[in-house]
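Chemist: If you count the sequence shown from 1, you need to add 44 to reach our numbering. For glycine and all other residues, C-beta sits at the position ideal for the given N, C-alpha and C. These numbers come from a predicted model, not from an experiment. Can you keep this structure in mind? I'll have questions shortly.
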Amino acid sequence: MPAHSKELPIDMLFPLNEAAIISKTDLNEVITFVNNEFCRVSGYTEEELLGNTHVMLNSHFHPNEFFYVMQTAISSGASWHGEICNRAKTGQLYWLNTSIFSIINKNTGQVSGYIGISFDITEKKRLELEVQSQRIQYDSVIESTDGFWHLDNDGHFIDVSERYCQLSGYSENDLLTSMISDLEAEDHKGDLMYQLSTLNESATSKVFESMHQRKDGTHWFVEILISYNVNHDNFYVFLRDISKRKLNEREQAALQQQLNHLQKLESIGRLTAGIAHDFNNILASILGYNELNKMNAEDMPDGEFRTDFLHNSAQVEIAGSRAADLIKKMLAYCRQEEEHKSNTRLDLSDVLNKILIMLHEIIPATITIESHLIDNVYITMDETDFYQIIVNLFVNARDALNNAKGTIELSIYLVDFPSHICSACHEKISGKFVEIKISDSGEGISDSKLSRIFEPFFTTKEVGEGTGLGLSVVSGIIHKMDGHILVDSELGKGTTFKLLFP
Ligand SMILES: Nc1ncnc2c1ncn2[C@@H]1O[C@H](COP(=O)(O)OP(=O)(O)OP(=O)(O)O)[C@@H](O)[C@H]1O
Ligand SMILES: [Mg+2]
Numbered sequence: 045m046p047a048h049s050k051e052l053p054i055d056m057l058f059p060l061n062e063a064a065i066i067s068k069t070d071l072n073e074v075i076t077f078v079n080n081e082f083c084r085v086s087g088y089t090e091e092e093l094l095g096n097t098h099v100m101l102n103s104h105f106h107p108n109e110f111f112y113v114m115q116t117a118i119s120s121g122a123s124w125h126g127e128i129c130n131r132a133k134t135g136q137l138y139w140l141n142t143s144i145f146s147i148i149n150k151n152t153g154q155v156s157g158y159i160g161i162s163f164d165i166t167e168k169k170r171l172e173l174e175v176q177s178q179r180i181q182y183d184s185v186i187e188s189t190d191g192f193w194h195l196d197n198d199g200h201f202i203d204v205s206e207r208y209c210q211l212s213g214y215s216e217n218d219l220l221t222s223m224i225s226d227l228e229a230e231d232h233k234g235d236l237m238y239q240l241s242t243l244n245e246s247a248t249s250k251v252f253e254s255m256h257q258r259k260d261g262t263h264w265f266v267e268i269l270i271s272y273n274v275n276h277d278n279f280y281v282f283l284r285d286i287s288k289r290k291l292n293e294r295e296q297a298a299l300q301q302q303l304n305h306l307q308k309l310e311s312i313g314r315l316t317a318g319i320a321h322d323f324n325n326i327l328a329s330i331l332g333y334n335e336l337n338k339m340n341a342e343d344m345p346d347g348e349f350r351t352d353f354l355h356n357s358a359q360v361e362i363a364g365s366r367a368a369d370l371i372k373k374m375l376a377y378c379r380q381e382e383e384h385k386s387n388t389r390l391d392l393s394d395v396l397n398k399i400l401i402m403l404h405e406i407i408p409a410t411i412t413i414e415s416h417l418i419d420n421v422y423i424t425m426d427e428t429d430f431y432q433i434i435v436n437l438f439v440n441a442r443d444a445l446n447n448a449k450g451t452i453e454l455s456i457y458l459v460d461f462p463s464h465i466c467s468a469c470h471e472k473i474s475g476k477f478v479e480i481k482i483s484d485s486g487e488g489i490s491d492s493k494l495s496r497i498f499e500p501f502f503t504t505k506e507v508g509e510g511t512g513l514g515l516s517v518v519s520g521i522i523h524k525m526d527g528h529i530l531v532d533s534e535l536g537k538g539t540t541f542k543l544l545f546p
């Protein structure tokens with residue numbers, strides 16, 4: 045002890061003995077004195093403790109170096125202060141804030157033993173550890189998520205995690221001065237603020253999905269867990285990047301849709317082929333008997349009866365020829381006439397010019413046809429098929445103009461698409477194509493109908509005016525040639541069909 049220290053007045057020893065845990069050991073650290081507090085806290089009796097060393101209280105919480113440092117200090121005559129974790133007789137751990145002083149022999153000046161004075165800090169330590177473990181848990185939760193925000197009750201940032209900065213491309217400073225809606229993709233602005241507004245004392249958390257926008261403008265899907273911190277009236281927000289999962293889900297849904305579509309087309313094709321085949325036989329027999337009747341009627345004597353008979357049989361013939369046309373379309377759709385096809389090299393501008401001349405027969409003069417054809421572009425296919433697809437599209441364009449004034453434009457392009465989706469088969473397409481574009485300034489097609497126009501028998505025309513097979517035939521022919529179709533339409537403005545030939 046320093047020389048100028050005052051001696052402790054005797055009347056202060058009693059309260060010190062009551063409040064502190066006191067022990068004394070000899071040079072070999074054998075316990076020679078313990079007070080009541082020592083016995084109470086350690087759970088051992090005075091008899092059990094005296095003659096033993098402090099090793100009996102070792103909790104093994106501290107490494108050996110801890111005791112080595114302590115012993116080096118006190119054996120040299122210095123005092124030691126620190127926090128020690130001991131084990132009580134019951135096995136329970138307790139923490140002490142301890143000071144150990146060396147007892148110096150006045151005569152020899154040598155260390156003759158040690159006095160330990162401690163205070164029980166178990167409760168303080170427990171709270172500290174609890175806070176620390178909560179902090180570790182909190183940090184590990186934050187690190188395991190793809191983003192963490194701490195928001196005030198108005199939805200302003202208090203804190204953001206580094207990981208969210210990395211994933212979003214924003215700096216921490218960018219984020220702390222942003223509005224949450226700046227981070228949400230266009231169609232999702234306000235998602236989070238709305239969800240925050242639904243939380244309160246009785247509903248404190250919520251999980252939902254949203255789409256966010258990175259600093260570079262690209263989008264990513266996030267799953268968001270918000271937790272309302274009732275005590276502080278603010279929010280913890282945990283985000284998870286679910287873009288991969290979403291992409292897989294979307295791809296799977298698109299594939300499934302394509303598969304369903306193919307299966308539907310296949311069964312409609314089979315049904316149509318069956319009906320067309322049987323109906324063709326029935327029609328042959330109807331027309332055959334009608335022909336017989338007509339021949340008989342021609343032999344009848346002149347008169348009202350003969351005239352009626354011949355008129356009726358002519359009507360049967362007209363209806364019969366319409367039915368035969370329909371069967372032809374149905375068979376074309378099912379590609380039953382494969383054997384009659386022969387692929388030739390077609391000079392596109394040449395063939396299209398020929399078709400344009402023929403089209404004047406079926407397109408009224410109120411409609412202007414504009415053509416922008418380029419020479420020396422060739423494709424190889426059946427010429428009749430080619431006529432059929434172009435005429436089908438022109439007839440549709442004419443019908444969309446509904447006898448009003450308007451324009452139909454026909455053009456040829458050589459194109460190179462980075463990536464597109466075929467409007468009919470929904471496959472991804474990219475690469476070089478010969479494009480034939482047919483645009484009209486007609487009524488256009490609504491979004492809900494646009495998704496159905498390639499379905500066989502889908503028509504918006506009056507009964508008897510359209511079979512709904514035109515575009516199915518066009519699509520069938522083009523896809524058989526590994527080509528594709530793109531459609532773009534706006535109600536009231538017009539429609540553009542692009543036929544892509546590889
Ligand atoms: N250029 C166009 N403008 C507006 N709507 C169109 C156009 N082309 C096609 N459609 C729509 O698509 C539907 C299907 O066309 P599709 O050619 O397959 O059958 P259709 O013309 O109704 O009958 P069909 O061609 O068998 O006589 C049409 O009924 C129409 O509603
Ligand atoms: Mg049509």
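Kindly give me the distance between the Cβ atoms of Arg294 and Val266, rounded to whole angstroms, as I take these residues to be in contact under 8 angstroms.
Modeler: Start at 1 with the first residue of the sequence shown, and residue 294 comes out as number 250. Start at 1 with the first residue of the sequence shown, and residue 266 comes out as number 222. That pair is no contact at about 16 angstroms.
Chemist: Using the rule of at least 16 other Cβ atoms within 10 Å of the residue's Cβ for burial, across every protein chain shown, is Leu299 buried or exposed?
Modeler: Along the sequence shown, read from residue 1 onward, the residue named residue 299 stands at position 255. Leu299 is exposed by the Cβ-count criterion.
Chemist: Measuring alpha carbon to alpha carbon, tell me which residue in Tyr377, Gln302 and Leu269 is nearest Leu315.
Modeler: The sequence position of residue 315 within the sequence shown is 271, counting from 1. Selected option, being the one with the closest Cα: Tyr377.
Chemist: Classify Ile521: buried if its beta carbon has 16 or more other beta carbons within 10 angstroms, exposed otherwise.
Modeler: Taking the sequence shown and counting its residues from 1, the one referred to as residue 521 is at position 477. Ile521 comes out buried.
Chemist: Can you tell me whether DSSP reads Gln154 as helix, strand or coil?
Modeler: In the sequence shown, the residue the question calls residue 154 occupies position 110. Coil, per DSSP.
Chemist: Taking 7 angstroms as the cut-off, is the C-beta of Val439 nearer than that to any heavy atom in ligand 2?
Modeler: Your numbering for residue 439 matches position 395 in the sequence shown. True, at least one ligand heavy atom lies under 7 angstroms from that Cβ.
Chemist: What three-state label does DSSP hand Leu60 in the structure shown?
Modeler: Within the sequence shown, the letter at position 16 stands for residue 60. Note: Leu60 maps to helix in three-state DSSP.
Chemist: By Cβ distance below 7 angstroms, which residues in the same chain neighbour Arg389 in space, the five residues on each side in sequence not counted?
Modeler: The sequence position of residue 389 within the sequence shown is 345, counting from 1. The residues are Tyr422 and Thr424.
Chemist: Extract the residue ranges of the beta strand (DSSP E) inside the segment 395–428, only unbroken runs of 3 or more that lie entirely within it.
Modeler: For the segment 395–428, whole beta strand (DSSP E) runs of length 3 or above, ordered along the chain, are 411–416 and 422–426.
Chemist: Do Gly538 and ligand 2 come close, with the Cβ less than 7 angstroms from some heavy atom?
Modeler: In the sequence shown, residue 538 corresponds to position 494, counting from 1. Checking the Cβ of Gly538 against ligand 2 gives no.
Chemist: Is Gly332 a contact residue of ligand 4, with contact defined as CB to any heavy atom under 7 angstroms?
Modeler: Absence of ligand 4 is noted for the structure shown, with ligand 1 and ligand 2 being the only ligands found.
Chemist: Going by other Cβ atoms of all chains shown within 10 Å of its Cβ, with 16 needed for buried, is Ile406 buried or exposed?
Modeler: Locating residue 406 in the sequence shown gives position 362, counting from the first residue. By the neighbour-count rule (16 or more Cβ atoms within 10 Å), Ile406 is not buried but exposed.
Chemist: Classify His256: buried if its beta carbon has 16 or more other beta carbons within 10 angstroms, exposed otherwise.
Modeler: Within the sequence shown, numbered from 1, the residue matching residue 256 stands at position 212. With 16 or more Cβ atoms within 10 Å of its Cβ, His256 is classed as buried.
Chemist: Under the assumption that Lys449 contacts Thr540 (Cβ atoms under 8 angstroms), give the Cβ distance between them as a whole number of angstroms.
Modeler: Sequence index remark: in the sequence shown, residue 449 carries index 405 (1-based). Sequence index remark: in the sequence shown, residue 540 carries index 496 (1-based). With a Cβ gap of about 19 angstroms, Lys449 and Thr540 do not count as contacting.
Chemist: Relative to the C-alpha of Asp14, which candidate in Gln302, Cys209, Asn340 and Leu236 has its C-alpha closest?
Modeler: Outside the displayed range of the chain (45 to 546) lies residue 14, so it cannot be described from this structure.
Chemist: Can you tell me where the alpha helix (DSSP H) with Asp391 in it begins and where it stops?
Modeler: Here residue 391 refers to the residue found at position 347 when the sequence shown is read from its first residue. Here Asp391 belongs to no alpha helix (DSSP H); instead the beta strand (DSSP E) covers Asn387 to Asp391.
Chemist: Taking all protein chains shown into account, do 16 or more other C-beta atoms lie within 10 angstroms of the C-beta of Met402, making it buried, or fewer, making it exposed?
Modeler: Here residue 402 corresponds to residue number 358 of the sequence shown, with the count starting at 1. Exposed, by the Cβ-count rule.
Chemist: Val517 by DSSP, collapsed to three states: which one?
Modeler: As a position in the sequence shown, residue 517 is number 473, starting the count at 1. Of the three classes helix, strand and coil, the one that applies to Val517 here is helix, per DSSP.
Chemist: Near Ile286, what residues of its chain come up, given a Cβ to Cβ distance below 8 angstroms and the 5 sequence neighbours on each side ignored?
Modeler: Within the sequence shown, the letter at position 242 stands for residue 286. Around Ile286: Glu253, Phe265, Val266 and Glu267.
Chemist: Take the Cβ of Thr428 as the centre, count every other Cβ of all protein chains shown within 10 Å, and call the residue buried at 16 or more, exposed below.
Modeler: Within the sequence shown, residue 428 is the residue found at index 384, counting from 1. When all chains shown are included, Thr428 counts as exposed.
Chemist: Could you tell me whether the segment 499–514 touches the segment 462–474, where touching means 3 or more Cβ pairs closer than 8 angstroms?
Modeler: Segments in contact, no.
Chemist: State the Cα-Cα distance for the pair Ile202 and Glu167, rounded to the nearest angstrom.
Modeler: Here residue 202 refers to the residue found at position 158 when the sequence shown is read from its first residue. Here residue 167 refers to the residue found at position 123 when the sequence shown is read from its first residue. Approximately 32 angstroms, taken between the alpha carbons.
Chemist: What would DSSP say about Val274, mapped onto helix, strand or coil?
Modeler: Here residue 274 refers to the residue found at position 230 when the sequence shown is read from its first residue. In the structure shown, Val274 sits in coil (DSSP, three-state: anything other than H, G, I, E or B).
Chemist: Could you tell me which residues DSSP pairs with His104 in its beta bridges?
Modeler: Along the sequence shown, one-based indexing puts residue 104 at 60. For His104, which the question treats as bridged, DSSP gives no partner whatsoever.
Chemist: Please report how far the alpha carbon of Ser119 lies from the alpha carbon of Gln181, in whole angstroms.
Modeler: By one-based count along the sequence shown, residue 119 stands at place 75. By one-based count along the sequence shown, residue 181 stands at place 137. Spanning the two alpha carbons is a distance of roughly 41 angstroms.
Chemist: May I ask whether a heavy atom of ligand 2 can be found less than 7 angstroms away from the beta carbon of Gly514?
Modeler: Reading the sequence shown from its first residue, position 470 is the one you call residue 514. Yes, since a heavy atom of ligand 2 falls inside the 7 angstroms radius drawn around the Cβ of Gly514.
Chemist: Between which residues of its own chain and Ser386 is the CB-CB distance below 7 angstroms, once the five residues before and five after are set aside?
Modeler: Taking the sequence shown and counting its residues from 1, the one referred to as residue 386 is at position 342. Hits under 7 angstroms: Asp426.
Chemist: Using DSSP bridges, identify the partner residues of Glu487.
Modeler: Taking the first residue of the sequence shown as position 1, residue 487 is located at position 443. The partner list for Glu487 (beta bridge, DSSP) is empty, contrary to what the question assumes.
Chemist: In whole angstroms, what is the alpha-carbon distance linking Ile65 and Met114?
Modeler: By one-based count along the sequence shown, residue 65 stands at place 21. By one-based count along the sequence shown, residue 114 stands at place 70. So the two alpha carbons sit approximately 18 angstroms from each other.
Chemist: Just the C-alpha distance for Pro46 and Asp164, rounded to the nearest angstrom, thanks.
Modeler: The residue labelled residue 46 in the question sits at position 2 within the sequence shown. The residue labelled residue 164 in the question sits at position 120 within the sequence shown. For Pro46, the predicted model reports a pLDDT of 46, less than 50, meaning its position is unreliable and no value from the coordinates is stated.
Chemist: Considering only residues of the same chain and omitting the five flanking positions on each side of Val517, which have a CB-CB separation below 6 angstroms?
Modeler: Mapped onto the sequence shown, residue 517 falls at position 473. If we look at Val517 and ignore the five residues flanking it on each side, its Cβ neighbours are Ala376 and Tyr377.
Chemist: Near Lys472, what residues of its chain come up, given a Cβ to Cβ distance below 7 angstroms and the 5 sequence neighbours on each side ignored?
Modeler: Taking the first residue of the sequence shown as position 1, residue 472 is located at position 428. Only Ser463 and Ile465 meet the Cβ criterion.
Chemist: Under 8 angstroms, do Cys129 and Phe105 count as touching if we go by C-beta distance?
Modeler: Indexing the sequence shown from 1 puts residue 129 at position 85. Indexing the sequence shown from 1 puts residue 105 at position 61. Their beta carbons are under 8 angstroms apart, which means Cys129 touches Phe105 by this criterion.
Chemist: Using only the alpha-carbon positions, how far apart do Gly538 and Ile489 sit?
Modeler: Start at 1 with the first residue of the sequence shown, and residue 538 comes out as number 494. Start at 1 with the first residue of the sequence shown, and residue 489 comes out as number 445. In a straight line, the C-alpha of Gly538 is about 8 angstroms away from that of Ile489.
Chemist: Could you check whether the segment 171–191 touches the segment 64–79, counting it as contact only if at least three pairs of C-beta atoms, one from each stretch, sit closer than 8 angstroms?
Modeler: Not touching, per the Cβ criterion.
Chemist: With a threshold of 8 angstroms between beta carbons, is Pro345 in contact with chain B?
Modeler: Considering every chain present, this structure includes no chain B. It has just one protein chain.
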